[in-house]
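Asker: Residue numbers (UniProt numbering): 1 to 118.
C-beta atoms are modelled at their ideal positions from N, C-alpha and C, and glycine is treated no differently.
One structure is given below, represented as structure tokens, and several questions about it will come after.
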């Protein structure tokens, strides 16, 4: 995952996280866990992340709900594709791998299947 963050904000944030005994990776995992916890309460998530944010307008709320519904339809379609094509769930151990580690794992698996690696 890549994110564009102002250098000063990143340095200050890294220092604050270090003071709390957290790495940036741990903080991102915690953020994603928080998002999952509040997945059915998007306004509570927004308020938790940005307590100073203004109340959204009715149009903004409707747009957010439309986007959330589209996202859930997409997930449902993907699950249907996986079921139809008999695509197995991802190995939970792979969830902790970086993109580079996962790519290496897939490449090694491919080469083993081709007989290039033992």
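Give a yes or no on whether the C-beta atoms belonging to residue 45 and residue 34 are separated by under 8 Å.
Answerer: Taking the first residue of the chain shown as 1, we reach residue 45 at position 45. Taking the first residue of the chain shown as 1, we reach residue 34 at position 34. Closer than 8 Å, so yes.
Asker: Can residue 108 and residue 117 be called in contact, C-beta distance under 8 Å?
Answerer: What you label residue 108 is simply residue 108 of the chain shown in a count that begins at 1. What you label residue 117 is simply residue 117 of the chain shown in a count that begins at 1. Yes, these two residues count as a Cβ contact at 8 Å.
Asker: Would you kindly report the start and end of the unbroken alpha helix (DSSP H) that includes residue 54?
Answerer: Against the chain shown, residue 54 aligns to sequence position 54. Counting along the chain, residue 54 falls outside any alpha helix (DSSP H), and DSSP gives it neither H nor E.
Asker: Return the residue from the list 94, 79 and 93 that minimises the CA-CA distance to residue 87.
Answerer: The residue you call residue 87 lines up with position 87 of the chain shown. The shortest C-alpha separation from residue 87 is found at 79.
Asker: One question on the structure: do residue 92 and residue 64 come within less than 8 Å of each other, judged by their Cβ atoms?
Answerer: Counting from one through the chain shown, the residue named residue 92 turns up at place 92. Counting from one through the chain shown, the residue named residue 64 turns up at place 64. No, these two residues do not count as a Cβ contact at 8 Å.
Asker: Does residue 41 come out as helix, strand or coil in the three-state DSSP assignment?
Answerer: Within the chain shown, residue 41 is the residue found at index 41, counting from 1. DSSP places residue 41 in coil when its eight states are reduced to three.
Asker: Helix, strand or coil: how does DSSP classify residue 116 here?
Answerer: Your numbering for residue 116 matches position 116 in the chain shown. Residue 116: coil per DSSP, three-state reduction.
Asker: Quick check: residue 97 and residue 105, are their CB atoms within less than 8 Å of each other?
Answerer: Position 97 of the chain shown, counting from 1, holds the residue named residue 97. Position 105 of the chain shown, counting from 1, holds the residue named residue 105. In this structure, residue 105 lies closer than 8 Å to residue 97 by Cβ.
Asker: Rounded to whole angstroms, what's the CA-CA distance from residue 23 to residue 112? Just pull it up for me.
Answerer: If you number the chain shown from 1, residue 23 lands on position 23. If you number the chain shown from 1, residue 112 lands on position 112. Looking at the backbone, the Cα of residue 23 and that of residue 112 are separated by about 35 Å.
Asker: Please state the DSSP three-state secondary structure of residue 1.
Answerer: Position 1 of the chain shown, counted from the start, is the residue given in the question as residue 1. Looking at residue 1 - three-state DSSP - the assignment turns out to be coil, as it is neither helix nor strand.
Asker: Which complete alpha helix (DSSP H) runs does the stretch 45 to 110 hold, if anything under 4 residues is left out?
Answerer: 58 to 84
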